[in-house]
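A short worksheet on the structure shown next.
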Amino acid sequence: MRKIASFSTLKTELLTGALFLFLLFGCSPKDQKPVVPSDSPYLMVLGIAQDAGYPQAGYEAEWQAIKEGKRQSALTVSLGLVDPAHKKRYLFEATPDFKEQLHLMDQVSETDNYPFDGIFLTHAHIGHYTGLMHLGREVMGTNSTQVYAMPKMKVFLEENGPWSQLVALKNISIKEMRGAATVRLGSNISVTPFLVPHRDEYSETVGYQISANQKSVIFIPDIDKWEKWNIDIAEVVKENDIVLIDASFFKDGELPERDMSKIPHPFTTESMDLLEKLSPENKAKVYFIHANHSNPILDKTSAAYKEVIDRGFNVAEQGQVFPF
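Numbering of the sequence shown is given in the numbering used here, commencing with residue 895 and proceeding in unit increments.
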(Lines of atoms letter the chains of each structure in order from A and count residues from 1; the text may use other names and numbers.)
(Lines give C-alpha, C1' and ligand atoms only; values in the text may rest on other atoms or scores of the structure.)
Protein backbone atom coordinates (compact mmCIF):
# COMPACT_ATOMS: atom_id res chain seq x y z
CA MET A 1 0.00 0.00 0.00
CA ARG A 2 1.37 3.39 -0.94
CA LYS A 3 1.50 5.46 2.24
CA ILE A 4 0.32 9.05 2.50
CA ALA A 5 0.39 11.28 5.54
CA SER A 6 -3.37 11.07 5.85
CA PHE A 7 -3.09 7.46 6.96
CA SER A 8 0.14 7.66 8.98
CA THR A 9 -1.83 7.23 12.19
CA LEU A 10 -4.01 4.32 11.11
CA LYS A 11 -4.31 1.55 13.66
CA THR A 12 -2.71 -1.58 12.23
CA GLU A 13 -3.43 -3.88 15.15
CA LEU A 14 -6.98 -5.15 14.84
CA LEU A 15 -8.85 -6.17 17.94
CA THR A 16 -10.05 -9.77 18.00
CA GLY A 17 -13.63 -10.80 18.48
CA ALA A 18 -16.52 -8.36 18.27
CA LEU A 19 -15.07 -4.91 17.62
CA PHE A 20 -18.31 -3.03 17.95
CA LEU A 21 -21.77 -3.58 19.37
CA PHE A 22 -24.15 -2.75 16.57
CA LEU A 23 -27.50 -1.40 17.70
CA LEU A 24 -29.76 -1.20 14.70
CA PHE A 25 -32.69 1.10 15.23
CA GLY A 26 -33.52 2.17 11.67
CA CYS A 27 -35.46 5.01 13.26
CA SER A 28 -36.26 8.56 12.37
CA PRO A 29 -36.19 11.43 14.88
CA LYS A 30 -39.90 10.86 15.44
CA ASP A 31 -39.43 7.25 16.54
CA GLN A 32 -38.35 5.79 19.85
CA LYS A 33 -35.27 7.12 21.59
CA PRO A 34 -32.24 4.90 20.89
CA VAL A 35 -30.26 3.36 23.75
CA VAL A 36 -26.66 4.61 23.59
CA PRO A 37 -23.51 4.27 25.72
CA SER A 38 -23.56 6.48 28.80
CA ASP A 39 -19.84 6.86 29.45
CA SER A 40 -17.84 6.00 26.32
CA PRO A 41 -17.63 7.75 22.91
CA TYR A 42 -19.81 6.58 20.06
CA LEU A 43 -20.85 7.45 16.53
CA MET A 44 -24.47 7.62 15.43
CA VAL A 45 -25.54 7.45 11.78
CA LEU A 46 -27.86 10.42 11.25
CA GLY A 47 -28.58 9.86 7.57
CA ILE A 48 -27.65 7.50 4.75
CA ALA A 49 -28.96 9.07 1.53
CA GLN A 50 -27.35 11.22 -1.15
CA ASP A 51 -27.51 15.03 -0.89
CA ALA A 52 -31.25 15.32 -1.55
CA GLY A 53 -32.37 12.43 0.67
CA TYR A 54 -35.24 10.04 -0.06
CA PRO A 55 -37.85 10.70 -1.36
CA GLN A 56 -36.44 13.33 -3.68
CA ALA A 57 -38.10 16.49 -5.00
CA GLY A 58 -40.18 15.95 -8.11
CA TYR A 59 -40.47 12.16 -7.83
CA GLU A 60 -44.13 11.66 -6.99
CA ALA A 61 -43.88 7.87 -7.11
CA GLU A 62 -41.38 7.94 -4.26
CA TRP A 63 -43.62 10.16 -2.15
CA GLN A 64 -46.56 7.85 -2.87
CA ALA A 65 -44.51 4.80 -1.85
CA ILE A 66 -43.76 6.47 1.48
CA LYS A 67 -47.44 7.37 1.95
CA GLU A 68 -48.50 3.79 1.27
CA GLY A 69 -45.90 2.38 3.66
CA LYS A 70 -44.01 0.58 0.92
CA ARG A 71 -40.77 2.51 1.48
CA GLN A 72 -39.09 4.39 4.31
CA SER A 73 -37.76 7.91 4.06
CA ALA A 74 -34.00 8.48 4.46
CA LEU A 75 -32.18 11.60 5.64
CA THR A 76 -29.07 12.95 3.93
CA VAL A 77 -25.80 11.33 4.95
CA SER A 78 -24.40 12.56 8.26
CA LEU A 79 -22.73 11.28 11.43
CA GLY A 80 -22.89 12.40 15.04
CA LEU A 81 -19.88 11.87 17.32
CA VAL A 82 -20.71 11.91 21.04
CA ASP A 83 -18.41 12.02 24.07
CA PRO A 84 -20.94 11.59 26.87
CA ALA A 85 -18.38 11.60 29.69
CA HIS A 86 -17.42 15.18 28.84
CA LYS A 87 -20.81 16.37 27.49
CA LYS A 88 -19.41 17.05 24.03
CA ARG A 89 -20.78 16.19 20.61
CA TYR A 90 -19.78 16.83 17.01
CA LEU A 91 -21.53 16.72 13.66
CA PHE A 92 -20.10 15.42 10.38
CA GLU A 93 -21.78 17.21 7.47
CA ALA A 94 -24.32 20.03 7.81
CA THR A 95 -27.05 18.68 5.56
CA PRO A 96 -30.40 20.00 4.32
CA ASP A 97 -31.86 17.73 7.03
CA PHE A 98 -29.95 19.58 9.78
CA LYS A 99 -32.97 20.25 12.00
CA GLU A 100 -34.15 16.63 12.00
CA GLN A 101 -30.62 15.42 12.69
CA LEU A 102 -30.12 17.92 15.50
CA HIS A 103 -33.40 16.75 17.00
CA LEU A 104 -32.20 13.16 16.88
CA MET A 105 -28.96 14.15 18.63
CA ASP A 106 -30.92 16.03 21.28
CA GLN A 107 -32.70 12.78 22.15
CA VAL A 108 -29.47 10.99 23.04
CA SER A 109 -26.84 13.59 23.99
CA GLU A 110 -26.18 17.05 25.40
CA THR A 111 -23.51 19.73 25.26
CA ASP A 112 -22.69 23.00 26.97
CA ASN A 113 -21.92 24.47 23.51
CA TYR A 114 -25.30 24.06 21.84
CA PRO A 115 -25.93 22.89 19.21
CA PHE A 116 -22.52 21.24 18.67
CA ASP A 117 -18.97 21.51 19.95
CA GLY A 118 -17.90 21.35 16.32
CA ILE A 119 -19.11 20.62 12.79
CA PHE A 120 -16.80 18.85 10.32
CA LEU A 121 -17.43 19.46 6.61
CA THR A 122 -16.18 17.32 3.72
CA HIS A 123 -16.79 19.62 0.74
CA ALA A 124 -18.98 22.25 -0.91
CA HIS A 125 -21.73 20.20 -2.54
CA ILE A 126 -25.24 21.09 -1.45
CA GLY A 127 -25.97 18.06 0.70
CA HIS A 128 -22.86 18.52 2.80
CA TYR A 129 -22.81 22.12 4.03
CA THR A 130 -26.09 23.95 3.36
CA GLY A 131 -27.49 22.97 6.75
CA LEU A 132 -25.26 25.71 8.13
CA MET A 133 -28.12 28.09 7.26
CA HIS A 134 -29.87 26.97 10.45
CA LEU A 135 -27.10 28.59 12.49
CA GLY A 136 -27.90 32.05 11.07
CA ARG A 137 -29.93 34.92 12.44
CA GLU A 138 -33.10 33.71 10.68
CA VAL A 139 -33.09 30.52 12.76
CA MET A 140 -30.82 29.69 15.72
CA GLY A 141 -28.51 32.69 15.69
CA THR A 142 -25.68 30.67 17.22
CA ASN A 143 -22.61 32.12 18.85
CA SER A 144 -19.30 31.06 17.25
CA THR A 145 -20.16 27.43 16.57
CA GLN A 146 -16.89 25.87 15.45
CA VAL A 147 -16.88 24.67 11.85
CA TYR A 148 -13.90 22.60 10.72
CA ALA A 149 -13.05 23.06 7.05
CA MET A 150 -10.14 22.65 4.65
CA PRO A 151 -8.50 25.81 3.19
CA LYS A 152 -10.59 26.12 0.00
CA MET A 153 -13.77 25.27 1.85
CA LYS A 154 -12.94 27.96 4.42
CA VAL A 155 -12.46 30.57 1.70
CA PHE A 156 -15.68 29.46 -0.02
CA LEU A 157 -17.67 30.09 3.14
CA GLU A 158 -15.95 33.37 3.91
CA GLU A 159 -16.31 34.88 0.45
CA ASN A 160 -19.75 33.73 -0.70
CA GLY A 161 -23.09 34.80 0.69
CA PRO A 162 -25.14 33.88 2.55
CA TRP A 163 -22.43 31.84 4.27
CA SER A 164 -20.17 34.87 4.64
CA GLN A 165 -22.85 36.45 6.82
CA LEU A 166 -22.54 33.57 9.26
CA VAL A 167 -18.87 34.47 9.57
CA ALA A 168 -19.45 38.24 9.77
CA LEU A 169 -22.10 37.87 12.48
CA LYS A 170 -19.96 35.35 14.33
CA ASN A 171 -22.62 32.65 14.12
CA ILE A 172 -19.78 30.33 13.13
CA SER A 173 -16.04 30.30 13.76
CA ILE A 174 -14.15 28.45 11.03
CA LYS A 175 -11.28 26.26 12.16
CA GLU A 176 -8.99 25.61 9.22
CA MET A 177 -7.68 22.09 8.74
CA ARG A 178 -4.60 21.38 6.66
CA GLY A 179 -3.28 18.29 4.97
CA ALA A 180 -3.50 15.30 7.25
CA ALA A 181 -3.15 17.25 10.48
CA THR A 182 -5.05 15.50 13.25
CA VAL A 183 -7.64 17.44 15.24
CA ARG A 184 -7.60 16.43 18.91
CA LEU A 185 -11.03 16.53 20.52
CA GLY A 186 -9.98 15.20 23.89
CA SER A 187 -7.47 12.95 25.53
CA ASN A 188 -8.53 9.93 23.47
CA ILE A 189 -10.65 11.24 20.57
CA SER A 190 -9.20 12.52 17.31
CA VAL A 191 -10.30 13.33 13.77
CA THR A 192 -7.94 13.23 10.80
CA PRO A 193 -8.96 14.56 7.37
CA PHE A 194 -7.56 13.11 4.15
CA LEU A 195 -8.01 14.33 0.59
CA VAL A 196 -9.99 12.23 -1.89
CA PRO A 197 -10.62 12.81 -5.62
CA HIS A 198 -14.02 14.31 -6.39
CA ARG A 199 -15.67 17.07 -8.42
CA ASP A 200 -14.01 19.99 -6.66
CA GLU A 201 -15.78 22.92 -8.31
CA TYR A 202 -15.80 25.04 -5.14
CA SER A 203 -13.60 23.26 -2.61
CA GLU A 204 -11.39 20.28 -2.04
CA THR A 205 -13.02 17.06 -0.80
CA VAL A 206 -11.99 15.05 2.23
CA GLY A 207 -12.87 11.91 4.08
CA TYR A 208 -12.23 11.44 7.80
CA GLN A 209 -10.65 8.94 10.12
CA ILE A 210 -12.39 9.18 13.49
CA SER A 211 -10.49 7.51 16.32
CA ALA A 212 -11.12 6.79 19.99
CA ASN A 213 -10.12 4.09 22.47
CA GLN A 214 -7.73 2.52 19.96
CA LYS A 215 -10.49 2.01 17.40
CA SER A 216 -10.93 3.88 14.13
CA VAL A 217 -13.77 4.58 11.73
CA ILE A 218 -13.34 5.78 8.14
CA PHE A 219 -15.98 8.10 6.67
CA ILE A 220 -15.92 8.68 2.88
CA PRO A 221 -19.37 9.92 1.81
CA ASP A 222 -18.20 11.21 -1.59
CA ILE A 223 -15.38 10.08 -3.88
CA ASP A 224 -14.78 9.51 -7.58
CA LYS A 225 -13.84 6.06 -8.87
CA TRP A 226 -11.50 4.15 -6.58
CA GLU A 227 -8.81 3.95 -9.26
CA LYS A 228 -8.48 7.75 -9.15
CA TRP A 229 -7.31 7.59 -5.54
CA ASN A 230 -3.69 6.89 -4.69
CA ILE A 231 -4.74 4.69 -1.79
CA ASP A 232 -5.89 1.05 -1.89
CA ILE A 233 -9.35 0.98 -0.34
CA ALA A 234 -8.89 -2.71 0.52
CA GLU A 235 -5.89 -1.80 2.69
CA VAL A 236 -7.91 0.95 4.33
CA VAL A 237 -10.55 -1.61 5.25
CA LYS A 238 -7.94 -3.94 6.75
CA GLU A 239 -6.34 -1.18 8.82
CA ASN A 240 -9.52 0.19 10.38
CA ASP A 241 -12.45 -1.14 12.37
CA ILE A 242 -15.41 0.31 10.45
CA VAL A 243 -15.43 1.81 6.94
CA LEU A 244 -18.39 3.88 5.72
CA ILE A 245 -18.07 4.45 1.97
CA ASP A 246 -19.81 6.15 -0.93
CA ALA A 247 -22.49 4.03 -2.59
CA SER A 248 -24.24 6.71 -4.63
CA PHE A 249 -25.30 4.32 -7.40
CA PHE A 250 -25.75 0.56 -7.44
CA LYS A 251 -24.64 -0.11 -11.01
CA ASP A 252 -24.14 1.45 -14.42
CA GLY A 253 -27.34 2.38 -16.29
CA GLU A 254 -29.17 3.29 -13.10
CA LEU A 255 -29.89 6.75 -14.50
CA PRO A 256 -30.85 5.99 -18.12
CA GLU A 257 -31.43 9.66 -18.92
CA ARG A 258 -27.90 10.67 -17.88
CA ASP A 259 -24.33 9.85 -18.90
CA MET A 260 -23.13 8.26 -15.67
CA SER A 261 -19.48 8.71 -16.62
CA LYS A 262 -20.07 12.40 -15.87
CA ILE A 263 -20.87 11.54 -12.26
CA PRO A 264 -18.04 9.07 -11.50
CA HIS A 265 -18.90 7.67 -8.08
CA PRO A 266 -17.95 4.05 -7.35
CA PHE A 267 -20.89 1.81 -8.16
CA THR A 268 -21.87 -0.36 -5.21
CA THR A 269 -21.26 -3.40 -7.38
CA GLU A 270 -17.78 -2.11 -8.30
CA SER A 271 -16.86 -1.65 -4.64
CA MET A 272 -18.06 -5.14 -3.77
CA ASP A 273 -16.10 -6.65 -6.66
CA LEU A 274 -12.99 -4.72 -5.64
CA LEU A 275 -13.26 -5.92 -2.03
CA GLU A 276 -14.43 -9.45 -2.87
CA LYS A 277 -11.15 -11.11 -1.84
CA LEU A 278 -11.21 -9.66 1.68
CA SER A 279 -11.82 -12.05 4.55
CA PRO A 280 -15.39 -12.27 5.90
CA GLU A 281 -14.23 -10.36 8.99
CA ASN A 282 -12.93 -7.49 6.86
CA LYS A 283 -15.96 -7.45 4.57
CA ALA A 284 -18.17 -7.08 7.62
CA LYS A 285 -16.44 -3.77 8.41
CA VAL A 286 -17.79 -2.16 5.22
CA TYR A 287 -20.99 -0.10 5.37
CA PHE A 288 -22.43 1.57 2.27
CA ILE A 289 -23.75 5.12 2.66
CA HIS A 290 -24.68 8.17 0.53
CA ALA A 291 -27.12 6.18 -1.62
CA ASN A 292 -28.87 8.15 -4.34
CA HIS A 293 -32.68 7.98 -4.37
CA SER A 294 -32.35 5.72 -7.41
CA ASN A 295 -30.14 3.19 -5.60
CA PRO A 296 -32.24 0.13 -4.70
CA ILE A 297 -30.14 -0.62 -1.58
CA LEU A 298 -32.31 1.98 0.18
CA ASP A 299 -35.12 -0.58 -0.08
CA LYS A 300 -34.53 -3.48 2.31
CA THR A 301 -36.87 -5.69 0.30
CA SER A 302 -34.90 -5.26 -2.94
CA ALA A 303 -32.67 -7.82 -4.63
CA ALA A 304 -29.85 -5.28 -4.55
CA TYR A 305 -30.02 -4.94 -0.77
CA LYS A 306 -30.06 -8.73 -0.42
CA GLU A 307 -27.03 -9.00 -2.71
CA VAL A 308 -25.03 -6.62 -0.51
CA ILE A 309 -25.84 -8.64 2.60
CA ASP A 310 -25.31 -12.02 0.92
CA ARG A 311 -21.86 -10.91 -0.25
CA GLY A 312 -20.85 -10.10 3.31
CA PHE A 313 -21.15 -6.31 3.30
CA ASN A 314 -23.59 -3.93 5.00
CA VAL A 315 -25.86 -1.01 4.26
CA ALA A 316 -25.68 1.64 6.98
CA GLU A 317 -28.86 2.21 8.99
CA GLN A 318 -30.24 5.56 10.09
CA GLY A 319 -29.96 5.57 13.88
CA GLN A 320 -27.21 2.93 13.90
CA VAL A 321 -24.70 3.29 16.74
CA PHE A 322 -20.98 2.41 16.65
CA PRO A 323 -19.52 2.49 20.18
CA PHE A 324 -15.77 2.99 20.46
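All C-beta atoms in this analysis are idealised placements derived from N, C-alpha and C, irrespective of residue type, glycine included.
Of all alpha-carbon atoms in H980, L1015, K981 and S972, the one lying nearest the alpha-carbon of L996 is that of S972. Counting the other Cβ atoms within 10 Å of the Cβ of E1032 gives fewer than 16, which makes it exposed. Around the CB of S932, fewer than 16 other CB atoms lie within 10 Å, so the residue is classed as exposed. For E1070, the three-state secondary structure derived from DSSP is strand. The C-alpha of V930 is placed about 30 Å away from the C-alpha of E1201. V976 is a Cβ neighbour of Y936, given a cutoff of 8 Å. Between F1050 and Y1096, the CB-CB gap stays under 8 Å. Annotation: the segment 925-999 contains the following complete segments of the alpha helix (DSSP H) (minimum length 4 residues), in chain order: 954-961. By the 16-neighbour rule on beta-carbons within 10 angstroms, D1126 is exposed. Contact between D1146 and I1117 is ruled out by a C-beta separation of about 17 Å, above the 8 Å threshold. I1068 is positioned such that its CB atom lies no closer than 8 Å to that of E1053. In this model, A979 and E1129 are separated by some 33 Å (Cα to Cα). If you look at P1045, you'll find it isn't in any beta strand (DSSP E); it sits in the alpha helix (DSSP H) that goes P1045 to E1053. Per the Cβ contact rule, the segment 1079-1093 is not in contact with the segment 946-958 (fewer than 3 Cβ pairs under 8 Å). Boundaries of the alpha helix (DSSP H) around I1127: I1127 to E1133. Taking a 10 Å sphere around the C-beta of D1135, we find 16 or more other C-beta atoms and assign the residue as buried. For the options G1055, K1048, A959 and Q1059, the alpha carbon positioned closest to that of T1036 is the one of Q1059. T1162: member of the alpha helix (DSSP H) spanning T1162 to L1168, first to last residue.
Using a Cβ distance threshold of 8 Å, P1190 and F1144 count as a contacting pair.
According to the DSSP assignment, L1060 belongs to the alpha helix (DSSP H) that extends over W1057 to A1062. Excluding five sequence positions before and after K1048, the CB atoms of its chain that fall closer than 8 Å to its own CB belong to I1068 and E1070, given in chain order. When beta bridges are read from the DSSP output, L1138 appears opposite F1113 and Y1181. Inter-residue distance for E1151 and V1061 is about 40 Å (C-alpha atoms, whole angstroms). Burial state of G963 is exposed, judged by a 10 Å Cβ sphere holding fewer than 16 other Cβ atoms.
With a beta-carbon spacing of about 5 Å, I942 and A968 fall inside the 8 Å limit used to define contacts. Leaving aside the five residues that flank H1028 on each side, the residues in its chain whose CB is nearer than 7 Å to its CB run, in chain order, F992, K993 and M1034.
Counting only the Cα atoms, G1021 lies some 6 Å from P990. Separation of the CB atoms of L1079 and I1112 is rounded to 17 Å, and the pair is thereby denied contact status at 8 Å. With contacts defined by Cβ atoms closer than 8 Å, P928 and V1180 do not form a contacting pair. For I1083, the enclosing beta strand (DSSP E) covers residues I1083 to L1089. Non-local C-beta neighbours of Q950 in its own chain, meaning closer than 6 Å and more than five positions away in sequence, comprise H1187, ordered along the chain.
Within the same chain, Cβ atoms closer than 8 Å to the Cβ of T1005 are found at K981, K982, R983 and D1011, the five residues on either side in sequence being excluded. Across the set L1192, I1104 and D1204, the C-alpha of D1204 shows the shortest separation from the C-alpha of P1174.
In this structure, L1015 sits near V1041, with a CB-CB distance shorter than 8 Å.
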